[in-house]
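To start, the structure under review is shown below, and the notes come after it.
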Amino acid sequence: MSDLTLVLLGAGNSSRFGLEVKKQWLWIDEWPLWIFVLQRFETLAPFKHILVVAPEQERSFFQAYTDKKVIPGGRSRQESINKALEHITTPYVLISDIARPCVQPDVVETLLRHKGEADCIAPFIPATDTVVFDDTPLDRSKIKLIQTPQLSRTEILAKAIAGEEFTDESSAIKASGGSVLYIPGDPKQRKLTYKEDLKFLECLQKPVSSQRVGMGFDVHPFCEGRPLILCGIQIPHSHGLAGHSDADVAIHALIDALLGAAGFGDIGELFPDNDPEYKDIDSTKLLQRCTQLLRQMGFEIYNVDLTILAQKPKLLPYKEKMRSTIASLLSLPKSRCNIKATTTEKLGFVGRQEGIAAQATATLKYFDWSKHI
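Just so you know, the sequence shown maps onto residues 319 to 691 in my numbering.
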């Protein structure tokens, strides 16, 4: 039985990357980068457990894509490792950064072959350019550029990173008096920090051109004392709609369609109706947050189609303004944003004028990062 756990670190915020999409959610063929890296490792070694460390606010989105355990990370790499170590029971742990996607089989094979020979085994590549520190040239033959993945004794690593902050496991273990074995790495294992780095990561394929479709449905009852808001537009009527937010039933259905296309659950998971933050909130703000999330996760909205079911009031005079508003919120041309309104011929709760329903479809495509490097 394997005595090794794999930890993939992906809790960073991609602040230096230079694109709106986060590095972890660059789509490689038909998978996000973090899944691509996970699948690559699974072919290289038998792991007893695999842990994925994600940003705390995105953990549920990661978990929706895998049956591996996803845990929330911390504010730093070392804090994320500390959180991961709380879940590890094996004597050895292999830690790698999702941002270093082109892990090489021979490097992993060498790491595993030397397991147990030191408290940490770390790959490196030599410095090939002149190295100057504080205006003083250094002997580049003594310089090692350290890479991941790194293989560590779990117990030793946990003690080493309990205090001072370090940038990698080998530095922490070395500073704590542990032993480190350096093995040859590979320049192909370049770390993805800036978007320009994508030019050199030959293992990555651009995303597939297929599209994803989601459907959404919502209903709200009429109530007194509130304005009627549909697609962000106030509609003259004797009653408004009841709800935790402003009860914009059309936008709520649209958000569900967008989240459905991405595989990210529903509006109630993203914006819980028991959270005081969203009490009476303008639903256009919820839609903006949803679209920002989708862009960060590597999706582009291609088109939306929305149907509002209302016996009264008549919505024809307001459809064009609704369409323009939604198109603007989604940064779409009007031609790819359609708004329809219909009655239910006096049938059902809509026909009895008890409330309004809406249904929506949305189509997403993957952000093609290959066009931006």
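Beta carbons are placed, not taken as given, at the ideal position from N, Cα and C, and that holds for glycine.
Residue i burial status per 10 Å Cβ neighbour count (16 or more: buried)
i, result
"Pro-505", "exposed"
"Pro-512", "In the sequence as presented, Pro is not what sits at residue 512; that position holds Tyr. With fewer than 16 Cβ atoms within 10 Å of its Cβ, Tyr-512 is classed as exposed."
"Pro-467", "buried"
"Gly-643", "According to the sequence provided, residue 643 is Thr. The question's Gly does not apply to it. Per the 10 Å Cβ criterion, buried."
"Ala-568", "buried"
"Val-450", "exposed"
"Ser-488", "buried"
"Thr-446", "exposed"
"Ser-601", "buried"
"Gly-336", "exposed"
"Thr-407", "exposed"
"Ser-459", "exposed"
"Ala-480", "exposed"
"Thr-323", "buried"
"Asp-486", "buried"
"Gly-666", "exposed"
"Gly-328", "buried"
"Leu-510", "buried"
Counterpart residues of residue i in DSSP-defined beta bridges
i, result
"Phe-380", "For Phe-380, which the question treats as bridged, DSSP gives no partner whatsoever."
"Met-533", "Thr-679"
"Arg-471", "Tyr-410"
"Gly-558", "Cys-541"
"Thr-660", "Leu-627"
"Lys-340", "According to DSSP, which records beta bridges pairwise, Lys-340 is partnered with nothing at all."
"Asn-621", "Thr-681"
"Gln-507", "DSSP, once it has assigned bridges, lists no residue as partnering Gln-507."
"Leu-456", "Val-449"
"Ala-372", "Pro-390"
"Val-498", "Cys-438"
"Pro-444", "Lys-462"
Contact belief for residue i with residue j at Cβ below 8 Å, rounded distance in angstroms
i, j, result
"Arg-641", "Ile-657", "5 Å"
"Thr-454", "Tyr-410", "At roughly 39 Å, the Cβ-Cβ gap does not stay under 8 Å, so Thr-454 and Tyr-410 are not in contact."
"Lys-366", "Leu-351", "About 24 Å; that fails the 8 Å criterion."
"Thr-660", "Leu-627", "6 Å"
"Arg-418", "Gln-507", "6 Å"
"Ser-398", "Ala-436", "Going by Cβ atoms, the distance from Ser-398 to Ala-436 rounds to 23 Å, so no, they are not a contact pair."
"Ile-413", "Val-325", "5 Å"
"Pro-692", "Glu-672", "Past the edges of the chain, shown from 319 to 691, lies residue 692, and the structure says nothing about it."
"Phe-442", "Lys-462", "4 Å"
"Ser-320", "Pro-364", "5 Å"
"Leu-605", "Ile-573", "6 Å"
Rounded straight-line distance, which links the Cα of residue j to that of residue i
i, j, result
"Lys-386", "Ile-368", "6 Å"
"Ser-378", "Ala-402", "17 Å"
"Asp-452", "Phe-589", "50 Å"
"Cys-438", "Ala-490", "10 Å"
"Tyr-383", "Glu-376", "12 Å"
"Glu-514", "Phe-617", "20 Å"
"Ala-668", "Met-533", "Note that residue 668 is Val in the sequence shown here, rather than Ala. So the two alpha carbons sit approximately 20 Å from each other."
"Ile-353", "Gln-629", "47 Å"
"Pro-631", "His-557", "10 Å"
"Glu-374", "Gly-330", "10 Å"
"Trp-687", "Gly-581", "21 Å"
"Asn-592", "Ala-440", "48 Å"
"Gln-610", "Ala-571", "17 Å"
"Thr-681", "Arg-654", "10 Å"
"Val-526", "Leu-516", "17 Å"
"Val-339", "Met-615", "6 Å"
"Ser-563", "Leu-519", "45 Å"
"Ala-476", "Leu-469", "13 Å"
"Val-425", "Asp-415", "15 Å"
"Pro-423", "Leu-362", "6 Å"
"Ala-560", "Arg-613", "30 Å"
"Gly-586", "Pro-502", "49 Å"
"Arg-334", "Leu-647", "26 Å"
"Lys-652", "Asn-621", "9 Å"
"Gly-543", "Trp-343", "44 Å"
"Gln-357", "Glu-348", "12 Å"
"Ala-372", "Gln-465", "20 Å"
"Gly-392", "Arg-431", "31 Å"
"Phe-359", "Leu-499", "21 Å"
"Pro-554", "Arg-530", "36 Å"
"Val-421", "Leu-429", "12 Å"
"Ser-494", "Glu-482", "10 Å"
"Thr-448", "His-405", "42 Å"
"Ser-528", "Tyr-684", "8 Å"
"Ala-565", "Ser-332", "34 Å"
"Ile-619", "Ser-649", "9 Å"
"Val-370", "Gly-583", "20 Å"
"Ser-597", "Pro-444", "Strictly speaking, residue 597 in this sequence is Lys, with Ser absent from that position. Each residue's Cα considered, the two are about 57 Å apart."
"Lys-492", "Asn-400", "17 Å"
"Glu-427", "Lys-689", "34 Å"
Chain B within 8 Å of residue i, Cβ atoms only
i, result
"Ile-547", "Although the question refers to chain B, the structure presented lacks it and comprises just one protein chain."
Check: residue i C-beta below 7 Å from any heavy atom of the ligand ADP
i, result
"Val-567", "Among the ligands in the structure shown, none appear at all, so the ligand ADP cannot be discussed."
Below 8 Å, can you find three or more Cβ-Cβ pairs linking the region 633-647 to the region 542-552? yes
Validate contact between the region 576-584 and the region 527-542 using beta carbons, cut 8 Å, 3 pairs: yes
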